[in-house]
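Chemist: As you go down the protein sequences, you meet chains G and C in turn.
Residue numbers are given in my numbering: position 124 of the first sequence equals residue 1366, and the series is strictly consecutive.
Residue numbers are given in my numbering: position 20 of the second sequence equals residue 877, and the series is strictly consecutive.
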Amino acid sequence: MTQKQARANRENAKKSTGPRTRSGKGRSSQNSIRHGLNQALDLEHDNRFIVLLRLVKGDGYSHDEAYSIVSAILDHRRVMQACDQQYHAPKEVFGRAEVGMIRELEGDAELGRITIGYNDRLSIGRFKARVGRINEGLGSALVQRVRRLGKLIRYQRRSVAQIHRTTREIKNDKTNPFISKL
Amino acid sequence: MAEDKLKQSLAILNPIRTVRLKDKTGNFEAILQGLLSDLETPNTLSVLLCEQIAESIFWMRRHVEDKELILLEATAEKIDKAQSGYGSDRACTANDVKQVLLGDEALKRKINNKLKKARSNTIATSFDGCRAKAFVSCAREVRIADDLIQRQMLNIRHLQRSLDAIDMKSRIIRRMDLELERVERDLTALEHDPEAG
Chain G
1243 MTQKQARANR ENAKKSTGPR TRSGKGRSSQ NSIRHGLNQA LDLEHDNRFI
1293 VLLRLVKGDG YSHDEAYSIV SAILDHRRVM QACDQQYHAP KEVFGRAEVG
1343 MIRELEGDAE LGRITIGYND RLSIGRFKAR VGRINEGLGS ALVQRVRRLG
1393 KLIRYQRRSV AQIHRTTREI KNDKTNPFIS KL
Chain C
858 MAEDKLKQSL AILNPIRTVR LKDKTGNFEA ILQGLLSDLE TPNTLSVLLC
908 EQIAESIFWM RRHVEDKELI LLEATAEKID KAQSGYGSDR ACTANDVKQV
958 LLGDEALKRK INNKLKKARS NTIATSFDGC RAKAFVSCAR EVRIADDLIQ
1008 RQMLNIRHLQ RSLDAIDMKS RIIRRMDLEL ERVERDLTAL EHDPEAG
């Protein structure tokens, strides 16, 4: 897509009145969600949960035990999937489109199609320097990745603690007088 | 014997796999298979927990690699900045820094000479000096990487305890079954005891 097309798209998007269909509204309602790890799991509509619940119950666990441990494992899966997404997310770059537009203008100026005045050149130089400083602050792709993953540590702590708590409760069943007599 | 256990565990795990990583190295599978072959009594829960433990080990390796790479990249960037005044053109890469740290004295001398000759060098005049400055500049990211490694260690420990608890439960159930069998056997033995009547 050329810069001109991108500009036209942006202008057209400003005229938009937003999503109309139910599915479109549903999709746009998720726009501000970053990872959704604070939301409750929707287990009733999760086929994977239903299958795992059946299998774990088949191994001799009660419904409540199976329910709590499978939901804890699936919650942990959600957190670790978010980590994997963050690990493979592209590098964040500030002002990519603007710098592209400036390059295009400079190219046109070199070919003699337009003229860039002295003050405009100064402004462009200042803007480029500012973008450079901001991008330096954002760090390399590796540094960005580590920072993003660092934000998910507390969710991992919570989900693993939940698995541990659930299994400990199952283990405590052995204090049941019937079992302990054996 | 271990291969049979592994086959048995994989037969349970494969239809219900929960971990899907973009791993081309095959490290995750190797870790997982190693763990599964050690399982005494594989069942749905134990293989699921093994999968989570394998993932945590895999993530820990990733974080260790990242931490190492952060330090190497930061050192390379400092050397570049010291040599040219800008960090944009990469004359020194993370791989070069790694070679020096692994004992390439010739490369270290070459970098040191370039640093000494560099004009407007305000960072450091030696490889070790640049390395020290790099450690300071990326201290925050290294700390985060350390936290991530520590988290994976704790994850592994918690999941391991969970696996022990699950295994304990299955051992108790097996013990109960054996006890019930023994009681039934004793009962039939009593019923058929000729001297009892």
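We put the CB at the ideal spot given by N, CA and C, even for glycine.
Would you report the Cα separation of residue 1408/G and residue 885/C, rounded to the nearest angstrom?
Modeler: So the two alpha carbons sit approximately 26 Å from each other.
Chemist: Write down every uninterrupted run of the alpha helix (DSSP H) in the region 969-1050 of chain C whose length is 4 residues or greater and which is fully enclosed by it, in chain order.
Modeler: Qualifying alpha helix (DSSP H) stretches, in chain order: 984-994 and 996-1048.
Chemist: Would you list, in chain order, the members of the region 929-960 of chain C that have their beta-carbon closer than 7 Å to a beta-carbon of chain G?
Modeler: Those would be 930, in chain order.
Chemist: Counting only Cβ-Cβ distances shorter than 7 Å, please list the residues of the region 1299-1318 of chain G near chain C, keeping chain order.
Modeler: Cβ contacts with chain C come from 1301, 1302, 1311, 1315 and 1318.
Chemist: Does residue 1279/G come within less than 8 Å of chain C when only Cβ atoms are used?
Modeler: Output row for residue 1279/G: interface = no.
Chemist: Fully enclosed by the region 1256-1282 of chain G, which alpha helix (DSSP H) runs are 4 residues long or longer?
Modeler: Complete alpha helix (DSSP H) runs here, min 4: 1264-1270.
Chemist: Where residue 1403/G and residue 1015/C are concerned, what is the direct C-alpha to C-alpha distance, given to the nearest angstrom?
Modeler: About 7 Å.
Chemist: What do you reckon, are the CB atoms on residue 972/C and residue 940/C nearer than 8 Å?
Modeler: Yes, these two residues count as a Cβ contact at 8 Å.
Chemist: Under a three-way DSSP split, which group does residue 1350/G fall into?
Modeler: Helix at residue 1350/G.
Chemist: Suppose contacts are defined by Cβ-Cβ distances below 8 Å. Is residue 876/C in contact with residue 1006/C by that definition?
Modeler: No, the pair does not count as a contact, with Cβ atoms beyond the cut-off.
Chemist: In terms of residue numbering, what span does the alpha helix (DSSP H) encompassing residue 1290/G cover?
Modeler: Residues 1289-1300.
Chemist: Using a C-beta to C-beta distance shorter than 7 Å, which residues of chain C count as neighbours of residue 1409/G?
Modeler: By Cβ distance, chain C contributes 1019, 1022 and 1023.
Chemist: With a threshold of 6 Å on Cβ separation, who are the neighbours of residue 1339/G within its own chain once the five nearest residues in sequence on each side are excluded?
Modeler: Cβ neighbours of residue 1339/G beyond the five flanking positions: none.
Chemist: Can you give me the start and stop residues for the alpha helix (DSSP H) that residue 895/C sits inside?
Modeler: Premise fails: residue 895/C is in no alpha helix (DSSP H) and is neither H nor E.
Chemist: Express the C-alpha separation of residue 899/C and residue 944/C in angstroms, rounding to a whole number.
Modeler: With a pLDDT of only 49 at residue 944/C, under 50, the local geometry of the prediction cannot be trusted, and the value read off the model is given with reservation. About 54 Å.
Chemist: How about residue 837/C: is its C-beta nearer than 8 Å to some C-beta of chain G?
Modeler: In this structure chain C extends from 858 to 1054, so residue 837/C is not present and cannot be described.
Chemist: Quick one: does residue 1039/C have its CB under 8 Å from some CB of chain G?
Modeler: No, residue 1039/C does not count as interfacial toward chain G.
Chemist: On a Cα-Cα basis, can you pick out the residue from 1399/G, 1319/G and 1390/G that is closest to residue 1009/C?
Modeler: Nearest option by C-alpha distance: 1399/G.
Chemist: Determine, for residue 1283/G, whether the minimum Cβ-Cβ distance to residues of chain C falls below 8 Å.
Modeler: Output row for residue 1283/G: interface = no.
Chemist: Can you tell which of 924/C, 1004/C and 956/C has the C-alpha that lies nearest to the C-alpha of residue 995/C?
Modeler: The candidate whose alpha carbon is nearest that of residue 995/C is 924/C.
Chemist: Could you tell me if residue 909/C is buried or exposed, where buried requires 16 or more neighbouring beta carbons within 10 angstroms of its beta carbon?
Modeler: The residue in question, residue 909/C, is buried, as its Cβ has 16 or more Cβ neighbours within 10 Å.
Chemist: Please list, in chain order, the chain G residues whose beta carbon lies closer than 8 Å to that of residue 923/C.
Modeler: By Cβ distance, chain G contributes 1384, 1387 and 1388.
Chemist: Please look up how many angstroms separate the CB atoms of residue 870/C and residue 904/C, rounded, as I've assumed it's under 8 Å.
Modeler: Between residue 904/C and residue 870/C the Cβ distance is about 4 Å, and since that is below 8 Å, they are a contact.
Chemist: For residue 927/C, would you say it is in contact with chain G, using Cβ-to-Cβ distances shorter than 8 Å as the test?
Modeler: At least one chain G Cβ lies under 8 Å of residue 927/C.
Chemist: So which residues on chain C does residue 1376/G lean against when the C-beta distance must stay under 7 Å?
Modeler: Ordered by position in chain C, no residue passes the 7 Å Cβ test against residue 1376/G, which lies about 15 Å from the chain.
Chemist: Here's the rule: buried if 16 or more other CB atoms are within 10 angstroms of the residue's CB, otherwise exposed. What is residue 1289/G?
Modeler: By the 10 Å Cβ count, residue 1289/G comes out exposed.
Chemist: Suppose contacts are defined by Cβ-Cβ distances below 8 Å. Is residue 1312/G in contact with residue 1295/G by that definition?
Modeler: Going by C-beta atoms, residue 1312/G is nearer than 8 Å to residue 1295/G.
Chemist: Mind checking which residues open and close the alpha helix (DSSP H) that includes residue 1375/G?
Modeler: Note, residue 1375/G: alpha helix (DSSP H), 1360-1380.
Chemist: Determine whether the Cβ of residue 1337/G lies closer than 8 Å to any Cβ atom of chain C.
Modeler: Not an interface residue.
Chemist: Roughly how many angstroms lie between the CA atoms of residue 916/C and residue 868/C, to the nearest whole one?
Modeler: Spanning the two alpha carbons is a distance of roughly 25 Å.
Chemist: Using only the heavy atoms of the ligand ADP, determine whether one of them is closer than 7 Å to the beta carbon of residue 1287/G.
Modeler: This structure simply doesn't include the ligand ADP, nor any ligand for that matter.
Chemist: Verify whether the separation of the beta carbon atoms of residue 1293/G and residue 873/C is less than 8 Å.
Modeler: Yes, they are a contact pair.
Chemist: Terminal residues of the continuous alpha helix (DSSP H) containing residue 958/C?
Modeler: Taken as a continuous stretch (DSSP letters only), the alpha helix (DSSP H) holding residue 958/C covers 951-958.
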